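Top line first, the protein sequences correspond to chains A and B. So the first sequence is residues 1 to 221, counted in our numbering. So the second sequence is residues 222 to 478, counted in our numbering.
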Amino acid sequence: MSHTWDFATIIQNWYVLWIGLKGTVFIFLVTVILGLSGGLIIGICRYAPSRALSWPAMAFVEVFRNTPVLVQIIWFYYAFPILTGIDVDPFLAAVLGISLNTMAFSAEIYRAGIQSIEPGQWEAGKAIGMTYNQSLRRVILPVAIKRVLPALTNRGIEVFKMSTLASVVAYVETLNQANLLADLNFNPIEAYTAVAVIFFVVLYPVVQGTYVLERVLKKGD
Amino acid sequence: MDEIVRIDGLHKSFGNLDVLKGIGMSVKAGETVVLLGSSGSGKSTLLRCVNFMEVPTQGQVFLHGDLVGSETNGKMSYRESELCSLRTRIGMVFQHFNLFPHMTVEQNVMEGQITVLKRTRTEARSKALAQLERVGLGDKAQEYPARLSGGQKQRVAIARALAMDPDVMLFDEVTSALDPELVGEVLKTMRQLADEGMTMLVVTHELGFAYHVANRVLFLDGGVILEEGEPQHILKNPKTTRMREFLDGHSLFKLPD
């Protein structure tokens with residue numbers, strides 16, 4: 001088997017992928033912000049002494065951590081509107097699937113971070129009269145989040161790549177646009193290779209940036 | 222003299238384990254009271270019950286004569302908000318310092334003043350610097366805790382507690398985690414506080430400190446106060462065999478002739 005590589009049509013139609021990349025970045029930003037901030041709230045609830053908070057949070061985490069994102073997106077797109085009568089467009093379905101999944105995973109990361117803090121820190125906050133929430137906000141979280149930052153950036157990278165799953169409901173992002181090019185020009189190998197290259201070119205510098213960020217934050221210790 | 226802390230019939234159990242079995246004691250204004258006892262005697266638990274880091278199973282705690290919590294049918298109940306405001310009036314220093322690692326020394330001492338007492342930043346900063354001067358660390362205000370020695374960390378922890386203007390200070394084995402050569406600077410700071418008239422309740426293994434600084438020594442054993450008195454008396458002439466054994470165990474301590 002031999003294949004003659006021909007990227008000519010890809011390069012000619014670069015703006016098709018460019019539109020896709022813009023869609024990818026947009027859905028990434030929405031889902032990573034929702035996912036990591038929602039995850040913080042769920043992680044805090046998961047750790048909370050009150051069962052009224054920790055049990056629902058645990059249930060949420062287990063449901064969304066143990067079901068495939070792809071299935072969630074399809075479910076929100078096809079099943080949710082039938083069950084509730086609420087119309088869901090491809091963007092919303094993908095955002096729900098990806099961000100709820102990210103919330104579940106990052107909630108566990110935040111919880112692990114909070115748990116890693118020495119009990120003495122809680123005691124020190126308590127001893128100067130802080131409430132649970134004050135200790136959490138001022139003493140525990142700043143250190144906990146710094147500690148789990150590598151795990152969180154890892155999650156962010158995962159979310160960026162997970163955005164390709166949105167193509168299953170035809171949300172306009174990079175992979176979806178590549179499908180289009182592949183169908184038009186009969187060159188799926190080049191089209192999907194182009195997608196891989198685009199993701200690498202975008203992500204690699206970002207990942208290097210996160211290393212720098214981690215080093216800078218470490219200096220404060 | 223004015224009683225700052227009074228404890229009546231205090232019991233504390235952890236599950237089936239009865240740690241404190243009916244403690245009654247008080248600390249008067251300006252007094253330094255040292256709690257002695259071997260490990261497991263309940264002295265740290267007693268100290269932690271004073272500011273409700275541990276909630277007593279039974280018994281009552283009074284601060285300035287006011288009962289902490291409310292009593293219904295002989296059962297005590299405590300509101301979290303009441304305990305928080307109580308703790309602002311009782312300073313506590315821990316064995317392992319527990320400084321906030323992400324804050325500078327100055328921010329450590331300012332934190333409670335701003336977050337809990339709602340003082341302005343300017344007020345909190347000048348108070349923090351004054352307390353850091355008091356413990357001899359005015360020049361370390363901008364350092365992070367990680368850059369300090371154990372003795373310096375412990376003095377910052379003392380300044381952090383003092384900055385809240387507490388009525389009484391609790392010290393929980395504050396020199397036990399220090400290198401022997403750093404113990405002195407912390408004891409010196411504590412002695413200075415005692416001399417300045419601070420009311421202090423101290424759990425320690427430093428018999429020399431008890432002898433020279435304490436107004437009163439309580440010896441705990443098995444969850445009860447076995448002996449109580451002025452250090453010059455009870456450290457030299459313990460009445461019970463148990464306390465005599467305890468003192469003999471501290472071979473490093475030589476009583477002055």
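Just so it is clear, CB atoms sit at the ideal spot from N, CA and C, and this is done for glycine as well. Given the structure is predicted, the values throughout are model-derived calculations rather than measurements.
In terms of alpha-carbon separation, which member of 200(A), 172(A), 143(A) and 186(A) lies closest to residue 92(A)?
Position 92 of the first sequence, counting from 1, holds the residue named residue 92(A). With distances taken between Cα atoms, residue 92(A) lies closest to 172(A).
On the three-state DSSP scale, how would you describe residue 456(B)?
On the second sequence, residue 456(B) is found 235 positions in, with the first residue counted as 1. In the structure shown, residue 456(B) sits in coil (DSSP, three-state: anything other than H, G, I, E or B).
Measure the CB-CB distance between residue 387(B) and residue 335(B) and report whether it falls below 9 Å.
One-based indexing of the second sequence puts residue 387(B) at position 166. One-based indexing of the second sequence puts residue 335(B) at position 114. Not in contact: residue 387(B) and residue 335(B) (Cβ atoms no closer than 9 Å).
To the nearest angstrom, how far is it from the Cα of residue 48(A) to the Cα of residue 300(B)?
Here residue 48(A) refers to the residue found at position 48 when the first sequence is read from its first residue. Here residue 300(B) refers to the residue found at position 79 when the second sequence is read from its first residue. Roughly 18 Å between the two C-alpha positions.
Which chain A residues are close to residue 336(B), counting only those with a beta carbon under 7 Å from its beta carbon?
Taking the first residue of the second sequence as position 1, residue 336(B) is located at position 115. Here the neighbours are 130, 134 and 138.
In three-state terms, what does DSSP make of residue 296(B)?
Taking the second sequence and counting its residues from 1, the one referred to as residue 296(B) is at position 75. Residue 296(B) falls in the strand class under three-state DSSP.
Does residue 370(B) come out as helix, strand or coil in the three-state DSSP assignment?
Here residue 370(B) refers to the residue found at position 149 of the second sequence. Residue 370(B) carries a coil assignment under DSSP once its states are collapsed to helix, strand and coil.
Rounded C-alpha distance that separates residue 115(A) from residue 461(B)
For this step, residue 115(A) is matched to residue 115 along the first sequence. For this step, residue 461(B) is matched to residue 240 along the second sequence. Roughly 45 Å between the two C-alpha positions.
Between the Cα of residue 42(A) and the Cα atoms of 103(A), 64(A), 5(A) and 78(A), which residue gives the shortest distance?
Indexing the first sequence from 1 puts residue 42(A) at position 42. Ranking the options by Cα distance to residue 42(A), first place goes to 103(A).
Using only CA atoms, which one of 442(B), 318(B) and 323(B) lies nearest to residue 142(A)?
Translated into positions along the first sequence, residue 142(A) becomes position 142. For residue 142(A), the closest of 442(B), 318(B) and 323(B) by C-alpha to C-alpha distance is 323(B).
Please classify residue 401(B) as buried or exposed, where buried requires at least 16 other C-beta atoms within 10 Å of its C-beta.
One-based indexing of the second sequence puts residue 401(B) at position 180. Looking at its Cβ environment, which holds fewer than 16 other Cβ atoms inside 10 Å, residue 401(B) is exposed.
Among 433(B), 249(B) and 380(B), which has the Cα closest to the Cα of residue 283(B)?
Translated into positions along the second sequence, residue 283(B) becomes position 62. The residue with the shortest Cα to Cα distance from residue 283(B) is 249(B).
Could you name each continuous beta strand (DSSP E) segment of 3 residues or more that falls completely within the region 376 to 419 of chain B, going from the start of the chain to the end?
389 to 393
Is there at least one non-hydrogen atom of the ligand FMN closer than 8 Å to the beta-carbon of residue 454(B)?
What this structure holds is no ligand at all, so the ligand FMN is not there to describe.
To the nearest angstrom, how far is it from the Cα of residue 52(A) to the Cα of residue 241(B)?
Taking the first residue of the first sequence as position 1, residue 52(A) is located at position 52. Taking the first residue of the second sequence as position 1, residue 241(B) is located at position 20. For the pair residue 52(A) and residue 241(B), the Cα-to-Cα distance works out to about 33 Å.
Would residue 317(B) pass as an interface residue toward chain A - the criterion being a Cβ-Cβ separation below 9 Å?
Along the second sequence, one-based indexing puts residue 317(B) at 96. Yes, its Cβ sits closer than 9 Å to a Cβ of chain A.
Going by DSSP, what residue range makes up the alpha helix (DSSP H) through residue 146(A)?
The residue labelled residue 146(A) in the question sits at position 146 within the first sequence. Here the alpha helix (DSSP H) through residue 146(A) covers 141 to 162.
Using a beta-carbon distance below 9 Å, is residue 127(A) in contact with chain B?
If you number the first sequence from 1, residue 127(A) lands on position 127. Chain B, which has a Cβ nearer than 9 Å to the Cβ of residue 127(A), makes this yes.
For residue 214(A), go through chain D and note every residue whose CB falls closer than 8 Å to its CB, in chain order.
Structure shown: chain D not included; protein chains present are A and B.
Which of helix, strand or coil DSSP assigns to residue 360(B):
Within the second sequence, numbered from 1, the residue matching residue 360(B) stands at position 139. Note: residue 360(B) maps to helix in three-state DSSP.
In three-state terms, what does DSSP make of residue 232(B)?
Translated into positions along the second sequence, residue 232(B) becomes position 11. It is a strand residue.
Using 8 Å as the threshold, is the region 155 to 171 of chain A in touch with the region 5 to 17 of chain A, meaning 3 or more CB pairs across them?
The region 5 to 17 of chain A and the region 155 to 171 of chain A do not touch, with fewer than three beta-carbon pairs separated by less than 8 Å.
With burial defined as no fewer than 16 other Cβ atoms inside 10 Å of the residue's Cβ, what is the status of residue 125(A): buried or exposed?
Translated into positions along the first sequence, residue 125(A) becomes position 125. So residue 125(A) counts as buried.
On the CB-based measure, 16 or more other CB atoms within 10 Å of its CB, does residue 393(B) come out buried or exposed?
The count along the second sequence starts at 1 and reaches residue 393(B) at position 172. Result: buried.
Which residues of chain A have a Cβ atom closer than 9 Å to the Cβ of residue 270(B), listed in chain order?
As a first step, residue 270(B) is located in the second sequence; it is residue number 49 there, counting from the start. What residue 270(B) touches in chain A: nothing, since even the nearest Cβ is about 13 Å away.
Mapping the DSSP letters down to three states, classify residue 50(A) as helix, strand or coil.
The residue you call residue 50(A) lines up with position 50 of the first sequence. Three-state result, residue 50(A): coil.
So does the region 435 to 445 of chain B actually touch the region 262 to 281 of chain B, counting three or more Cβ pairs closer than 8 Å?
Touching, yes, given that three or more Cβ pairs across the two stretches are closer than 8 Å.
Helix, strand or coil: which one does DSSP assign to residue 173(A)?
Stepping through the first sequence from its first residue, residue 173(A) is reached at position 173. In this structure, residue 173(A) counts as coil in the three-state DSSP scheme.
How about residue 243(B) and residue 280(B): are their beta carbons less than 9 Å apart?
As a position in the second sequence, residue 243(B) is number 22, starting the count at 1. As a position in the second sequence, residue 280(B) is number 59, starting the count at 1. Between residue 243(B) and residue 280(B), the C-beta gap is smaller than 9 Å, which places the two residues in contact.
Under the assumption that residue 191(A) contacts residue 181(A) (Cβ atoms under 8 Å), give the Cβ distance between them as a whole number of angstroms.
As a first step, residue 191(A) must be located in the first sequence, where it is residue number 191. As a first step, residue 181(A) must be located in the first sequence, where it is residue number 181. Between residue 181(A) and residue 191(A) the Cβ distance is about 5 Å, and since that is below 8 Å, they are a contact.
Hey, how far is the Cα of residue 256(B) from the Cα of residue 448(B)?
For the purposes of this step, residue 256(B) is taken as the residue at position 35 of the second sequence. For the purposes of this step, residue 448(B) is taken as the residue at position 227 of the second sequence. Roughly 10 Å separates the two Cα atoms.
Residue range of the beta strand (DSSP E) that includes residue 247(B)
For the purposes of this step, residue 247(B) is taken as the residue at position 26 of the second sequence. Residue 247(B) -> beta strand (DSSP E) spans 238 to 249.
Let me know the beta strand (DSSP E) ranges lying completely inside the region 306 to 363 of chain B, each 3 residues or longer, listed in chain order.
311 to 314
Can you give me the Cβ contacts of residue 86(A) inside the same chain, cut-off strictly under 8 Å, excluding the 5 residues immediately before and after it?
Counting from 1 along the first sequence, the entry for residue 86(A) is found at position 86. In chain order, 80 place their CB closer than 8 Å to the CB of residue 86(A), counting only its own chain and leaving out the 5 sequence neighbours on each side.
Of the choices 325(B), 286(B) and 230(B), whose alpha-carbon is the least far from that of residue 245(B)?
For the purposes of this step, residue 245(B) is identified with residue 24 of the second sequence, where counting begins at 1. That would be 230(B), whose Cα lies nearest to the Cα of residue 245(B).
Please report the Cβ distance between residue 209(A) and residue 106(A), rounded to the nearest whole angstrom; I am assuming they are in contact, meaning their Cβ atoms lie under 8 Å.
Residue 209(A) sits at position 209 when you count from the first residue of the first sequence. Residue 106(A) sits at position 106 when you count from the first residue of the first sequence. Residue 209(A) to residue 106(A), Cβ: 19 Å. No contact.
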